[in-house]
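Protein chains in written order, with our numbering: chain S, 1 to 656; chain W, 657 to 1135; chain R, 1136 to 1236.
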Amino acid sequence: MRNAWLVPGIPFFSFLIVGLFIRPLSEKAAGWVATAALFVSAFFAYSIAWDYFSHFGIGHEGPALVPWAFEWLRYQDHLTATIGTLIDPISILLMVVVTTVSALVHLYSIGYMAGDDGYGRYFTFLNLFSFSMLGLVVAPNIVQMFVCWELVGVSSFLLIGYYYRKPSAVAAGKKAFIVTRFADLGFLIGILILGYFGIEAFPHIGAKIQQEMAGLSSIPIQAIDFAFINHPATAHYILTTAGTVLGLSTLAVACILIFMGCAGKSAMFPLHIWLPDAMEGPTPVSALIHAATMVVAGVYLVARLFPSFAAAGTPLDVVAFIGTFTCAFAAIIACTQDDIKRVLAFSTLSQLGYMMLALGVATAVSPLGHTASMFHLFTHAFFKALLFLAAGALIHGVHSNEIWDMGGLRKKLPVTHLTFLAATLAIAGVPPLSGFFSKDEILRAAVENHHPIVFGVALFVAGLTAFYMFRIYFISFWGDARSEKAEHAHEAPAVMLIPLIALALLAIFAGFVPMGEYLGTSHGGHHGIHWNIAIPATLAGLIGIALSAFMYTGTRERYVAVARALGGMYTVVKNKFYVDEVYLFVTKNIIFHYIARPIAWFDRHIVDGAINLYAWLTGALGRGLKPLQTGQVQTYSAWWISGAVFFIILLWMKLS
Amino acid sequence: MSYSLTDIFGVLPELILVVTAITAILVDVASKGKDSSATMLVTAVGFIVSGIAAISGVGTIGVLMNGAVFQDGFTTAFRAIFCLIGFLTAIFSPAYLHFRNIRLGEYYPLLTMSVLGMMVMVGAANLLLFFIGLETMSISLYILVSLNRTNSKSIEAGMKYLVMGAFSSAFMLYGIALMFAVVGSINYNDITNYFLADPTLGPLTIAAVALLLTGFSFKIAVVPFQFWSVDVYEGAPATVTAFMSTGPKAAAFVVFIRVFGIALHPVASHWTLLLSWIAILTMVFGNVAALRQTNIKRMLAYSSIAHAGYLLVGIVAGNHAAFAATGYYLAAYALMNLGAFAAVIIVNQRHGTDGSYRFDALKGLGFAHPLLGISLTIFMLSLIGLPPTAGFLGKLYVFSAAIETGHIVLAVAGLLNSIIATYYYLRVIVLMYMAKPEGDTTIPRPLPYAITLIVLSVLILLIGVFPEPVISLMIAVAP
Amino acid sequence: MQIELAHYLLLSAVLFGIGVMGVLTRKNLIVIMMSIELMLNAVNLTFIALARYSANIEGQVIVFFVLCIAAAEIAVGLAILIAIWRHRGMMSIDSLKQLKW
């Protein structure tokens, strides 16, 4: 396990080598070397997982080890930022997910990006991203987490803006960067508060924690290490000694501020606005960064700091509320989108909402939601990456993002079709695919911790998810080709299909992993199907699929042809057709227009508007400042004198 | 009064610069104004030797020259930094001066004298020596700013700077006089002792503090004393602007810490609120005004106003760690701002641009000139304050010092402002990498350009990843 | 009436104020520079009075330095002024407004 540093280390060296030496020589070699590096890294991740679980066993909570670390920044005693690797069940989980998906996306990109003039640059950035993300996953302290957090932000910015000749891509990159940085403001302040109280608490409880941690960490524990922050004694110290702010304990304030950073990265409402725009990047980037890995960093950080959140109490309610809201909000918008990548983006938002709400309903004594969230993170990474990659294959074949340009593709792109179907079934929660199990756990967590509203919303969204996912599935793969391009669509090359198949297998079978056993939080292996929850959830999914099939398969002509052929049945069919029209009227004109569209409008105008208002305000302030800078020395001198007078008055007032 | 050999060795870096300046003048006279490269060489060597002398003084802490000069971490560190700034400016200048057709050998001795003034300022242990250092620096700068005699903007900038500068000197001097009237001495230590014994302020003391504050506010360019800086930065020859926005500002900040942070610390409670407001106003003014600029030089000028606001946060925080943090941030700021200006100067020599520092000149340069692109990106990331650059740690240190001393509002304001700032710094990177190159992208690439960019970006990353030596040097400042 | 320290301080404050007003209101750059000189000399007067009344010689020493500095400043100022005259043909401070915003 001492080799754990290799997992982020290999992509880092590969980033340097590919960026500096290989890319100038051969673009093609750059792609293969970068890909190979990720496969090696994945191999190490698996071997660490094997070592860890064979050494510590499963079924109980494994220890958090820091087998490798060195001192980086020394602020003062007990406040030293280290660079190291933290090995515990959730970091192993994330390492496995990130390296697997990243390696497959690298492989896929070799085919997808072929012939693009920024080929080498693309792989360099992809390696940089993988390194940063893995560094974030294994961060043993909050400073390394923050540094890598910013690094993934930078690499995401670079990759969204990859098609830099497209103004919309550049704008999207900037938007993503600025919105997430705004969120990071809260994160940074939260870190500073935790660090401040950590230092205060250290002399009282540091020795005790140090003793407990003996043998687990290769260097002495510090006040900003997760092991220290998460320790119950620390939470207790902060809760009892630090005062309250606006009626909230200081710990709660710090956690909520940190959650602000998480909400930015994981695109929770109202900081979600950057994610749909981020789809301007190349599709594999969307799959890797904006679906499977980077966006779950926020979920991961909440999970990482879960003991602190649980101790503070209130922050978890905030997490649950925001998660639930985003989950429903994004799913409704997803029903109205016609760009396949945007549908997937909103679906990602919705699924991230699931993960957050699962964390939010968990408590320290009943951490089922925590397990469920990590489980869903795990399965979602595979089926969502698969959806994006399959969508990439579609786009590759059809040269359009619009679902209405596709149609009838199931025969022309058979492999893509089957893998996409597998992923769609998985996300819709059809048993026994992976999404079914993880969604089942989330719903169970909501029920067991007595959150009926959260459960209700989650159940409703489960149906909605099935509906909008099958909507794009039917429109793109069934019916007739709706455009010239779709007529001549062709299957992607093998190098793209292999990752698709690999991910499809994962999306189908990943649900059988007994996650509760590995995370050790399930208290006695509750893993299994709970019929009282599974049945309604599956039903919701099936209803969604049925509705979708009803609305989006077949064409008008088909109905007419069938009617003529059947003669006597004509009236019935006609009636059915009539019902269909009514139904369409109801759904399209009432539900879409009066519910979904306004929500989409609200999103585009009010939420985006608030951000734009900030930009406009600073701009207006700038215009207001212009007349001040007159260029005239005597105006400046007059300002000077007024400043001096102001100084004297203020000092005087302070005196009396 | 007697001086020992220790005293002489203590001020060796300054003495070396005096010798350098005189030699440079003689060399320039000997070359009959035809070619100033010999003058440049003399100056560059002088800066190196002086810098080595400064670094060799690391670790000696004490008071020299009968109590007139402090020998401590700040003195040592900033002498070295000033020599580096001077050296880079010197080697960087010939190509620019040639481009701008300024053929005056005086440039280099004046640069040397200005650095000398800065060194005297940071070492000074009394207000008179500080004032002399300040004037040595400023008067050299007045000439440097207006050195481009054929350009009416340069002349105008020089005149504006001189009028405002002399005006501020008079205020500063009046403040010194009143302080002298109250305390009966101009030594920092005497001032501290006086106020330790009696921390109440009379009307005369208030006037003295207010006047000194205006003087410092002018030099570090904070609201409402900042208007001159942008005009002067724009009009001055770009190399001089690069120099001015880093060295003199850092020097003024160090003295600000010595006078307000340390000497007047016993009465700090009277002016911290005032300074916090100035800090916030300055950040907001600098950032908001920078947003709307179409001229990179002016954008950087406003950005350096904003940075003065961030730096003030450290002075308001006002404890030992905060001063060390400010010192670190100053060093980082000097490096990244010098780098940013240097890169912009190079960009502006691109063929086909009219030398007016418009943002358009950046378009598509990132791929055409990898070194320029990468180093300018590093400078911008550092100015934004992103890891792993020195700018990130500087902000982190300063703001965490502010939070530790209870100035949470200031820290929040600083962080909010750094988000506004993200926008305009990012624009530089975006234009370089994400805009279509227009027209000819060839740029002259003499060796000094590459040296400057490499040295500065490596240093920024280096002290951004391993800040330990710098920060421990700064912590060693005399109490 | 006995002339005391306060009177000297008041006088120099008034002189300083006159200098400030000169800088703020006059248009001719030479007059502005003279006003700045007036400000500096007002401060000199303060120093000398303080030195005299507190028997502290430091004050007088400072004045010598200030005189030197003021001379240097004015010399540079006049040199720049000549350059301005060559460019603009006038010495009004209003001619200095090419650089703004």
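Glycine residues also receive a C-beta, built at the ideal position from the N, C-alpha and C atoms.
- Note that the C-beta distance between Ala312 of chain S and Ala252 of chain S is below 9 Å.
- Leu682 of chain W counts as exposed, since fewer than 16 other beta carbons sit within 10 angstroms of its beta carbon.
- Rounded to the nearest angstrom, the Cβ distance from Met939 of chain W to Gly965 of chain W is 3 Å, consistent with a contact under 8 Å.
- Within chain R, the residues placing a beta-carbon under 8 Å from that of Asp887 of chain W are Leu1234, Lys1235, ordered along the chain.
- Of R:Ser1170, R:Leu1164, R:Gln1195, R:Val1166, the smallest CA-CA separation from Asn1179 of chain R is found for R:Gln1195.
- Between Tyr112 of chain S and Gly397 of chain S, the CB-CB gap reaches or exceeds 9 Å.
- Following the DSSP letters along the chain, one finds Ile795 of chain W inside the alpha helix (DSSP H) bounded by residues 783-801.
- In the structure shown, Pro67 of chain S falls within a strand segment according to DSSP collapsed to helix, strand and coil.
- Residue state for Ser217 of chain S is assigned as strand, using DSSP reduced to three classes.
- Pairing Ser1031 of chain W with Met145 of chain S, the inter-Cα distance amounts to about 25 Å.
- Beyond the five residues adjoining it in sequence on each side, Asn757 of chain W comes within less than 8 Å, by CB distance, of Thr806 in the same chain, given in chain order.
- By the Cβ neighbour-count rule, Lys816 of chain W is buried, with 16 or more other Cβ atoms within 10 Å of its own.
- The stretch 16-27 of chain S makes contact with the stretch 117-132 of chain S; the number of CB pairs closer than 8 Å reaches 3 or more.
- One Cα belongs to Leu613 of chain S, the other to Leu947 of chain W, and the distance between them is close to 15 Å.
- A Cβ-Cβ contact shorter than 9 Å links Phe131 of chain S with Pro11 of chain S.
- Using a C-beta cut-off of 8 Å, the stretch 969-978 of chain W makes contact with the stretch 1053-1066 of chain W, since at least three inter-stretch Cβ pairs fall below that distance.
- Using a Cβ-Cβ cut-off of 7 Å, Val633 of chain S is close to Lys816, Val819, Met820 of chain W, given in chain order.
- Annotated three-state conformation of Ile83 of chain S is strand, per DSSP.
- Per DSSP, Glu1060 of chain W has no beta bridge partner at all.
- Scanning its chain for C-beta atoms nearer than 6 Å, with the 5 sequence neighbours on each side dropped, one finds around Leu986 of chain W the residues Ala906, Phe909, in chain order.
- Against chain W, the beta carbon of Ile273 of chain S has no neighbour under 7 Å; the closest one sits roughly 15 Å away.
- Of W:Ala837, W:Gly1062, W:Leu740, W:Gly831, the smallest CA-CA separation from Phe787 of chain W is found for W:Gly831.
- When only Cα atoms are considered, Ser47 of chain S and Val7 of chain S end up about 10 Å apart.
- Contact check for Pro1093 of chain W against Ala999 of chain W fails: the beta carbons are separated by 9 Å or more.
- A straight-line Cα-Cα distance of about 15 Å links Asn951 of chain W and Arg1006 of chain W.
- Contacts with chain S at 9 Å (Cβ-Cβ) do not include Ile876 of chain W.
- CA-to-CA, the gap between Leu968 of chain W and Ile193 of chain S works out to about 21 Å.
- DSSP, reduced to helix, strand and coil, places Glu402 of chain S within a strand of the structure shown.
- Secondary structure note for Leu1216 of chain R: it is in no beta strand (DSSP E), and the uninterrupted alpha helix (DSSP H) holding it is 1193-1223.
- Comparing alpha carbon positions, the residue from S:Met496, S:Leu151, S:Asp117 closest to Leu394 of chain S is S:Met496.
- For Phe12 of chain S, the enclosing alpha helix (DSSP H) begins and ends at 6-17.
- Runs of the alpha helix (DSSP H) spanning 4 or more residues and lying entirely within the stretch 490-519 of chain S occur at 494-509, 515-519, in chain order.
- Taking CB atoms only, Arg1223 of chain R has a neighbour in chain W less than 9 Å away.
- Counting along the chain, Gly313 of chain S sits inside no alpha helix (DSSP H), nor does DSSP assign it H or E at all.
- CA-CA distance, Ile799 of chain W to Arg623 of chain S, rounds to 33 Å.
- Contact annotation: the stretch 199-217 of chain S touches the stretch 225-236 of chain S, with at least three C-beta pairs closer than 8 Å.
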